[in-house]
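Novice: Quick one: the structure is below, questions incoming.
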Amino acid sequence: MTGARLHAARRERELAEATDGRTVDLLVVGLGVTGAGVALDAAARGLDVVAVDAHDLAFGTSRWSSKLVHGGLRYLANGQVGVAHESARERGLLMTRTAPHLTHALPMLLPLLPAVSPAQARLAWAGLAAGDLLRAAARTPREVLPRPRRLGRTETLAVAPGLRTAGLRGGLLSWDGQLEDDARLVVGLARTAASHGARVLTRTRVLRLDGATAEIRDETTGATGTVAARAVVNATGVWAGGLVPEVRLRPSRGTHLVLRASSVPGLRAAVMAPVPGTRNRFVLALPQPDGLVYVGLTDEPVEGDVPDVPEPSDAEVGFLLDVAGAAFERPLGRDDVVGAYAGLRPLLAAGGDSTADLSRRHAVVASDGPVVTVVGGKLTTYRQMAEDAVDLALGRSGLRAAPCRTRDLPLVGAAARARLAAVEAPARLVRRHGTEAPAVLAAALGAGLGEAGALAPVADGVPVTRAELLWGVTHEGALDVDDLLDRRTRVGLVPADRALAVPAAEEVLERARSL
Ligand SMILES: Cc1cc2nc3c(=O)[nH]c(=O)nc-3n(C[C@H](O)[C@H](O)[C@H](O)COP(=O)(O)OP(=O)(O)OC[C@H]3O[C@@H](n4cnc5c(N)ncnc54)[C@H](O)[C@@H]3O)c2cc1C
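Sequence positions in the sequence shown follow our numbering and run 390 to 904.
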């Protein structure tokens, strides 16, 4: 799709258009999953959209998630039936229609170790059965997410061979959705929005909103300008209060560790390790595509200014190693940690000292004039959040547009699983680019990389290829090494690997400039 191509020259042209004195229909501020989803929703309804981010696509919380497409089981346990159903429905849409190429079923294993009493195991099983009913109610087929099963001891160890064996009675196996990568979902949304005509502008910061007029700064040059719009959606996540002061947020930090798969050998399912002293809290060891395992998650209040990139604390690293390590025969130590990352959940300050957890629900808040803030929710529910935000923005501004179309709108690269399986291209490229994989390779060959140069790992033990990096520059709007290594690919999650990949990223940027 030519219209889905994002690159530096298009950014420059469209930034000039956006600030040339015209009035566009909708300005979207923030290009995380929420803002990119809003841009797609609005552009697909036929609105004239400008969508900006101060940094890059997926610069904020959206790249620091657990990379799960949740079915909503946890919310059911809290009696939030509506939220649970919404989550299960949106999971089903992502996995079957909008992004089958970026999602797959992930087996989740609760090992029945002595820390899980028989009564807790019965309760957990009842929960998994309810989760399967949610799946059925959301009409997600069993071929996409199989039914939960009780496993015997031997089967449990086959799925997770490193588990502690003393007292192991078996396991409970269920299925949820997993993303290939969270930042890739955002890139897919932004490019699909661009294919419907949205101007997607990174390195474009909104300094101030005055009604629906925004003062912006091009962060590549420092030049300022004005974008005039009929309506604005503020989708700046934990930074939302910086533009709309009446939205008051108090973030809470969630940290993950990154381990090599060799630290927990043979792991074929996500392992749920119970947090001691709690009834329904777990630390998860989540196997990932590129020979990595993520271990998360913490929940720590953050005081003071919201940082651009949050840092995990030493105490969080220790907590995660202790809780996850208790489930495995070989203890996990600091030497196993090859990376760590943290993201911020928005907690809505509800007045006084109390807070309301927005990490489950989302809020769409109208301010004076045609400015709507959308905050909270999940990656999983981005589509519904976008629909609600655009509906409210239309209502507030008097703009007219077609009804929401995104339930049936596949992202670039999406196709049914059978079609994806038949795409003739290297499996790695299909996994990350879906039906675009042959075009990714063709572009690299066309740029003179040669097949070996295009598809070889960029460094020993770093599976990313030059073909992906080049596509990142020519089609996915990457402007520098950081965009390539920290957002279009996720090499940056392991700092030692990142250092090895920098020369390839620099070489590819240079090559793209000469095309
Ligand atoms: C630790 C953690 C784990 C999670 N795991 C999961 C999970 O497994 N599955 C799931 O479904 N959900 C998960 N979530 C929830 C999910 O990650 C978030 O709900 C979602 O990413 C929020 O996206 P967003 O677009 O609203 O915000 P963000 O991704 O933070 O995007 C906001 C953007 O606004 C930009 N911005 C800020 N100020 C300005 C400005 N003035 N001008 C222009 N741009 C600006 C920022 O650069 C940023 O890119 C998790 C959340 C956390 C914290």
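Idealized CB from N, CA, C, for every residue including glycine. For clarity, every value in this text was computed on a predicted model and none was experimentally measured.
#1: I'd like to confirm something about T423: is its beta-carbon nearer than 8 angstroms to some heavy atom of ligand 1, or not?
#2: Thinking C-alpha only, which one of G802, E899 and L462 is nearest A488?
#3: Where does V577 sit, in a helix, a strand or coil, going by DSSP?
#4: Quick check on the DSSP output: the alpha helix (DSSP H) that includes P892 runs from which residue to which?
#5: On the DSSP bridge assignment, give the partners of S563 in chain order.
#6: A662 and A603: beta carbons closer than 9 angstroms?
#7: Would the C-beta of F671 count as close to ligand 1, meaning under 8 angstroms from any of its heavy atoms?
#8: Reducing DSSP to helix, strand and coil, say where E840 ends up.
#9: Which residue comes first and which comes last in the alpha helix (DSSP H) that contains H490?
#10: For L648 and E896, I'd like the C-alpha separation in whole angstroms.
#11: Which ranges does the alpha helix (DSSP H) cover as unbroken runs of at least 4 residues, wholly within the stretch 595 to 649, from first to last along the chain?
#12: Express the C-alpha separation of L733 and S476 in angstroms, rounding to a whole number.
#13: Taking contact to mean at least 3 C-beta pairs separated by less than 8 angstroms, is the stretch 411 to 425 in contact with the stretch 699 to 706?
#14: If you follow the alpha helix (DSSP H) that R695 is part of, which residue opens it and which one closes it?
#15: To the nearest angstrom, how far is it from the Cα of D871 to the Cα of T878?
#16: Would you call A473 buried or exposed, if buried means 16 or more other Cβ atoms sit within 10 Å of its Cβ?
#17: In its own chain, which residues sit with a C-beta less than 7 angstroms from the C-beta of G741, not counting the 5 before and 5 after it?
#18: Say the cut is 8 angstroms; is the CB of T370 nearer than that to a heavy atom of ligand 1?
#19: Alpha carbons only, please: which of L788, G866, L512 and G766 is nearest the one belonging to V621?
#20: Measure the alpha-carbon distance for G766 versus D442 and round it to whole angstroms.
#21: What does the alpha-carbon distance come out to for the pair G758 and D414?
#22: Taking Cβ positions, are L499 and L768 nearer each other than 9 angstroms?
#23: Taking R486 as the reference, which of L882, R820, A805 and L844 has the closest Cα?
#24: Check whether the Cβ of W628 lies closer than 8 angstroms to any heavy atom of ligand 1, and answer yes or no.
#25: Using a threshold of 9 angstroms, state whether the C-beta atoms of V905 and D777 are closer than that.
#26: Classify A432: buried if its beta carbon has 16 or more other beta carbons within 10 angstroms, exposed otherwise.
#27: In this structure, how does DSSP classify H864 when only helix, strand and coil are distinguished?
#28: By Cβ distance, which residues of its chain are closer than 7 angstroms to V880, with the 5 residues on each side in sequence left out?
Specialist: In short:
#1: yes
#2: G802
#3: Val is not the amino acid found at residue 577; the sequence shown has Gly there. Residue state, collapsed to three classes: helix.
#4: P884 to R902
#5: M497
#6: no
#7: no
#8: helix
#9: From DSSP, H490 is part of no alpha helix (DSSP H); its letter is neither H nor E.
#10: 28 angstroms
#11: none
#12: 20 angstroms
#13: no
#14: The question names Arg, but residue 695 in the sequence shown is Val. No alpha helix (DSSP H) contains V695, which DSSP labels as neither H nor E.
#15: 10 angstroms
#16: buried
#17: Unreliable positioning characterises G741 in this predicted model, as indicated by a pLDDT of 40, which lies under 50. A coordinate reading is not provided.
#18: No statement about residue 370 is possible, as the shown extent of the chain runs from 390 to 904 and does not include it.
#19: L788
#20: 19 angstroms
#21: 14 angstroms
#22: no
#23: A805
#24: yes
#25: Outside the shown range of the chain (390 to 904) lies residue 905, about which nothing can therefore be said.
#26: buried
#27: coil
#28: V851, V853, L874, D886, R887 and A890
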